[in-house]
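A quick write-up on the structure given underneath.
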Amino acid sequence: MAREAVAWPPEETLSLWKREQARLKALVVDRDTEAWQRDAAFSGLQRVGGVDVSFVKGDSVSACASLVVLSYPELEVVYEDCRMVSLTAPYVSGFLAFREVPFLVDAMRRLQEKEPRLVPQVLLVDGNGVLHHRGFGVACHLGVLTDLPCVGVAKKLLQVDGLENDAQHKEKIRLLRAGGDSFPLIGGSGTVLGMVLKSHEHSSKPLYVSVGHKISLEAAVRLTRGCCRFRIPEPVRQADIRSRDYIRRTLGVPGPPAPGQERSQKVQRPKVCPQEGSEEPEGEGRPPRGPQLRPQDNGKASSGSGELSWTWQRAQAA
DNA sequence: GCGACAG
DNA sequence: ATCTTGTCGC
409 MAREAVAWPP EETLSLWKRE QARLKALVVD RDTEAWQRDA AFSGLQRVGG VDVSFVKGDS
469 VSACASLVVL SYPELEVVYE DCRMVSLTAP YVSGFLAFRE VPFLVDAMRR LQEKEPRLVP
529 QVLLVDGNGV LHHRGFGVAC HLGVLTDLPC VGVAKKLLQV DGLENDAQHK EKIRLLRAGG
589 DSFPLIGGSG TVLGMVLKSH EHSSKPLYVS VGHKISLEAA VRLTRGCCRF RIPEPVRQAD
649 IRSRDYIRRT LGVPGPPAPG QERSQKVQRP KVCPQEGSEE PEGEGRPPRG PQLRPQDNGK
709 ASSGSGELSW TWQRAQAA
């Protein structure tokens, strides 16, 4: 049942949202806080999380929020949580977090509750971090609310603070040679807002990596690169694939998901699918090269006080 | 009216 | 974000 579209937020709500972003932005830590982040091989890093929200075709309210946790450096899925949710906020550029973050925080809470040992040491988020209109994108937002290191990974350049996806920019991208090559995105104030990264050898479209929380830009880029079997880093890619898959199955079968197909909060098999033929229209058809195997330390998931307040509920009630 | 517009 | 399969190329 395709439900009615979520109303565009009144100016007053946008104002409240901006204030909330400004308040939380003061809590962002844009440097490395964990030992593994400083290690050249990320020794000590064992679990990387990925989140995403997929939508239902003719329905502007229903969506599937997913959280996956992958082992590092093997990049195999060790945890998956897909859940249908009802969106309460519309998509407004610059305010993506108010639409998606509440459900992602919920997923993290469920993980913490059910499988605390699987809580990831860092999250890769589909969207931007400090590369944002007010320096506080969804990756920062989720990071501050969960108190976890977060990296923003966007597929398109958010043209902000003087940054433009013009001929100049495209030319710089064309000059990126090997996978791993990158160049900085410098805002009008001279600040480095993020890095343009050629995440895969055979991908002409780059990724836009920015700091979300508790990680340096250098480590964020290196980690993103280390999670790429294809153009999109595996944690985000798996979260996307599985959430869309969940929607497909949910729509195909009336009523709640069949008991045998309930994937929520299930530990998945670390199997590698045989057919990975296509990924991006780019043709990065080469799966191989999992990051080299590493000895391991023990990672400690920093758990702490996360904030949790949205002005949307209040704004709607008012 | 025109251009932008993370997901 | 979503509408969409097979197909050409490295």
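Going by the working numbering, the first sequence opens with residue 409, and the numbers climb by one from there. Glycine included, C-beta positions come from ideal geometry on N, C-alpha and C. All values derive from a computational prediction rather than experimental measurement.
Rounded separation between residue i and residue j - CA only
{"i": "residue 443", "j": "residue 452", "result": "8 Å"}
{"i": "residue 642", "j": "residue 624", "result": "20 Å"}
{"i": "residue 580", "j": "residue 644", "result": "25 Å"}
{"i": "residue 728", "j": "residue 447", "result": "This structure cannot speak to residue 728, because the chain is shown only from 409 to 726."}
{"i": "residue 595", "j": "residue 604", "result": "13 Å"}
{"i": "residue 610", "j": "residue 583", "result": "13 Å"}
{"i": "residue 472", "j": "residue 528", "result": "20 Å"}
{"i": "residue 454", "j": "residue 575", "result": "40 Å"}
{"i": "residue 577", "j": "residue 445", "result": "29 Å"}
{"i": "residue 703", "j": "residue 483", "result": "Low confidence applies to residue 703: its pLDDT is 28, below 50, so where it sits in the model is not reliable, and the reading given next is rough at best. Near 15 Å, if we compare the C-alpha coordinates of residue 483 and residue 703."}
{"i": "residue 615", "j": "residue 505", "result": "19 Å"}
{"i": "residue 571", "j": "residue 626", "result": "20 Å"}
Beta-carbon spacing of residue i, residue j below 8 Å
{"i": "residue 450", "j": "residue 634", "result": "yes"}
{"i": "residue 639", "j": "residue 607", "result": "yes"}
{"i": "residue 548", "j": "residue 651", "result": "no"}
{"i": "residue 464", "j": "residue 508", "result": "no"}
{"i": "residue 478", "j": "residue 646", "result": "yes"}
{"i": "residue 565", "j": "residue 632", "result": "no"}
{"i": "residue 559", "j": "residue 600", "result": "no"}
{"i": "residue 457", "j": "residue 476", "result": "yes"}
{"i": "residue 414", "j": "residue 498", "result": "yes"}
{"i": "residue 515", "j": "residue 466", "result": "no"}
{"i": "residue 417", "j": "residue 486", "result": "no"}
{"i": "residue 629", "j": "residue 590", "result": "yes"}
{"i": "residue 621", "j": "residue 552", "result": "yes"}
{"i": "residue 593", "j": "residue 602", "result": "yes"}
{"i": "residue 534", "j": "residue 459", "result": "yes"}
{"i": "residue 440", "j": "residue 619", "result": "no"}
{"i": "residue 530", "j": "residue 550", "result": "no"}
{"i": "residue 554", "j": "residue 493", "result": "no"}
N-terminal and C-terminal residue of the beta strand (DSSP E) that residue i is part of
{"i": "residue 369", "result": "Residue 369 lies beyond the stretch modelled for the chain, which goes from 409 to 726, so this question has no answer here."}
{"i": "residue 569", "result": "Looking at the DSSP string, residue 569 is not in any beta strand (DSSP E), and its letter there is neither H nor E."}
{"i": "residue 618", "result": "615-621"}
{"i": "residue 358", "result": "Shown here, the chain extends from 409 to 726; a query on residue 358 therefore has no answer."}
Residue interval of the alpha helix (DSSP H) (run including residue i)
{"i": "residue 648", "result": "642-660"}
{"i": "residue 562", "result": "From DSSP, residue 562 is part of no alpha helix (DSSP H) but of the beta strand (DSSP E) over 558-562."}
{"i": "residue 575", "result": "575-582"}
{"i": "residue 495", "result": "From DSSP, residue 495 is part of no alpha helix (DSSP H); its letter is neither H nor E."}
{"i": "residue 626", "result": "625-634"}
{"i": "residue 431", "result": "419-433"}
Practice prompt. Inspect the CB distances between the stretch 427-435 and the stretch 536-549 and report whether three or more fall short of 8 Å.
Written response: yes
Practice prompt. Only counting runs of 3 or more residues, tell me where the beta strand (DSSP E) segments fall wholly within the stretch 438-490, in order along the chain.
Written response: 455-463 and 470-479
Discussion item. Quick check on the DSSP output: what are the complete alpha helix (DSSP H) runs of length 4 or more inside the stretch 504-552, in order along the chain?
Written reply: 504-522
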